[in-house]
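With my numbering applied, the sequence shown covers 566 to 939.
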Amino acid sequence: MTHAYTPGLQIKESVIVRKVRRLPIKGEVIVNIGDIVDYNDIIAKSKIPGDPYTVKASYMLKCEPDEVPRYMIKKVGDAVKKDEIIAKFTGFFGLIKNIVTSPVDGYIESLSTASGQIIIRETPKDIAVDAYIPGKVIRILHNEGAIIETNAAFIQGIFGVGGENHGEIVVAVDSPKDILTEEHIIRNYKGKIVVGGALVTGEALKKAIEIGVKGIVTGGIRNSDLRSLLGYDIGVAITGYEDIGLTLIITEGFGKMDMSYRTFNLLKKFEGELAHVNGETHIRAGVIRPEIIIPHSRITANYNEQEKLEAGMKPGTTVRVIRSPYFGKLAKVVSLPPELRKSKTESYVRVVEIELDNNQRVIVPRANVEIIEE
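The structure is reproduced here in structure tokens:
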């Protein structure tokens with residue numbers, strides 16, 4: 566029997582989720598294997614060295630480089646404040662005064678008698694990594710972080726912007742076909758993750774940011790509204806670092822696109838629960854999808870779900886079309902013809918027969934669909 570494996574988006578009511586939480590530089594891990602952590606618990610911390618600043622002390626003091634130590638008020642290693650005097654020359658009975666001040670808060674790292682320059686290093690910046698999700702520490706990454714495990718509902722989107730956020734799920738529309746408008750966004754949604762339907766308008770996004778909504782999940786968005794939100798066109802393959810005041814996750818694609826019933830109903834089922842969202846998206850090598858994680862203990866997760874997926878695409882498999890003219894449509898696989906078919910580009914490709922939501926059956930290249938993991 567013919568099989569095809571096409572990785573796709575995950576929409577799962579219950580699965581074991583493991584998140585790697587790692588510092589950008591080596592530091593101290595403050596949790597142990599077996600610890601139970603909440604999403605906002607710090608699991609690792611470190612300090613990022615500050616930037617160095619060069620001060621031309623001999624020039625400012627109007628002396629020879631090897632004379633600079635004579636006029637130093639502060640020593641190498643001393644902490645200094647911005648605009649604090651660190652060296653001073655007084656001459657001609659006090660009528661001539663030349664001073665050197667620190668350009669930043671920090672400490673004196675070095676002094677060169679060859680160049681007459683002082684290096685001042687900014688105060689190190691504290692950084693920390695939290696758990697992101699509540700769960701159990703199952704592995705320690707030495708001097709870097711830890712891996713956290715939890716049972717949760719897990720939903721991936723097509724595209725997202727904005728980083729990690731947390732909030733209670735509220736469903737603001739009645740159906741996955743509805744448009745999330747400015748009128749749907751109310752003051753009570755401050756700090757919440759708001760679920761829409763087929764589209765979110767630019768006005769709704771602006772109001773959500775003003776109110777303090779933590780995240781919006783919707784089927785689609787107009788490219789013009791996304792451009793207005795960001796202030797520029799998305800031109801890179803990596804998102805998630807935008808400082809826009811909330812996290813936006815698009816589940817279907819650009820334009821008005823009905824959210825899949827499975828995604829909408831799953832979010833509706835967990836309305837009122839705490840969700841953890843991340844809009845980070847990598848669309849090239851090492852694909853990362855935006856995600857919604859809803860920890861719970863309602864159902865025992867099936868550890869063998871990946872084995873089910875690896876069986877490949879077959880009749881009955883749910884797929885999403887990812888190329889026009891049926892882009893964004895959900896469908897069921899009807900058959901996998903074994904013979905190659907000639908495509909519009911004159912090349913011969915493997916195809917799949919699918920049945921759309923309206924019961925229409927069409928044949929498309931297998932590369933034009935992705936499996937929806939259930």
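Think of the CB as a built atom: it goes at the ideal place given N, C-alpha and C, for glycine as much as any other residue.
Same chain, Cβ closer than 7 Å to residue i, five either side skipped, listed in chain order
i: residue 900; result: 880, 918
i: residue 699; result: 602, 603, 604, 715, 860
i: residue 649; result: 666, 667
i: residue 592; result: 609, 610, 611, 708
i: residue 907; result: 913
i: residue 669; result: 618, 647, 685, 687
Of the residues the options, the one placed nearest residue i, counting alpha carbons only
i: residue 746; options: 769, 729, 739; result: 769
i: residue 665; options: 672, 904, 654; result: 654
i: residue 594; options: 706, 662, 661; result: 706
i: residue 671; options: 651, 656, 660, 721; result: 651
i: residue 889; options: 687, 933, 855, 908; result: 933
i: residue 686; options: 622, 720, 618; result: 618
i: residue 916; options: 923, 910, 909, 928; result: 928
i: residue 897; options: 912, 924, 911; result: 924
i: residue 824; options: 808, 744, 588, 909; result: 744
8 Å Cβ cutoff met for residue i and residue j
i: residue 710; j: residue 583; result: no
i: residue 763; j: residue 821; result: yes
i: residue 647; j: residue 667; result: yes
i: residue 805; j: residue 843; result: yes
i: residue 781; j: residue 761; result: yes
i: residue 818; j: residue 723; result: yes
i: residue 840; j: residue 758; result: yes
i: residue 725; j: residue 845; result: yes
i: residue 702; j: residue 713; result: yes
i: residue 688; j: residue 633; result: no
i: residue 738; j: residue 749; result: yes
i: residue 673; j: residue 621; result: no
i: residue 576; j: residue 828; result: yes
i: residue 579; j: residue 863; result: yes
i: residue 905; j: residue 937; result: no
CA-to-CA distance, residue j to residue i, given in whole angstroms
i: residue 676; j: residue 852; result: 48 Å
i: residue 534; j: residue 921; result: Nothing about residue 534 can be reported from this structure: the residues present for the chain run from 566 to 939 only.
i: residue 930; j: residue 914; result: 7 Å
i: residue 741; j: residue 833; result: 10 Å
i: residue 751; j: residue 826; result: 24 Å
i: residue 755; j: residue 765; result: 17 Å
i: residue 892; j: residue 609; result: 42 Å
i: residue 720; j: residue 613; result: 34 Å
i: residue 838; j: residue 856; result: 16 Å
i: residue 663; j: residue 626; result: 5 Å
i: residue 911; j: residue 902; result: 18 Å
i: residue 728; j: residue 795; result: 14 Å
i: residue 815; j: residue 624; result: 57 Å
i: residue 636; j: residue 615; result: 26 Å
i: residue 704; j: residue 588; result: 15 Å
i: residue 629; j: residue 808; result: 48 Å
i: residue 944; j: residue 596; result: Residue 944 falls outside the range modelled here, since the chain spans only 566 to 939, and no answer is possible.
i: residue 644; j: residue 783; result: 51 Å
i: residue 878; j: residue 598; result: 38 Å
i: residue 753; j: residue 771; result: 16 Å
Contacts around residue i, its chain only, beta-carbon distance under 8 Å, and the 5 residues preceding and following it disregarded
i: residue 926; result: 899, 918, 919, 920
i: residue 835; result: 718, 734, 859, 861
i: residue 661; result: 654, 655
i: residue 909; result: none
Contacts around residue i, its chain only, beta-carbon distance under 6 Å, and the 5 residues preceding and following it disregarded
i: residue 803; result: 847
i: residue 590; result: 611
i: residue 867; result: Legend: pLDDT at residue 867 = 47, less than 50; position of this residue unreliable, value from coordinates given subsequently. Contacts found: none.
i: residue 798; result: 792
i: residue 730; result: 779, 780, 812, 842
i: residue 607; result: 693, 695
i: residue 810; result: 774
i: residue 631; result: 678
i: residue 600; result: 702
Residue i Cβ short of 7 Å to the ligand ADP heavy atom set
i: residue 747; result: You won't find the ligand ADP in this model; it holds no ligand whatsoever.
For the stretch 782-802 against the stretch 677-684, are there 3 or more C-beta pairs whose distance is under 8 Å?
no
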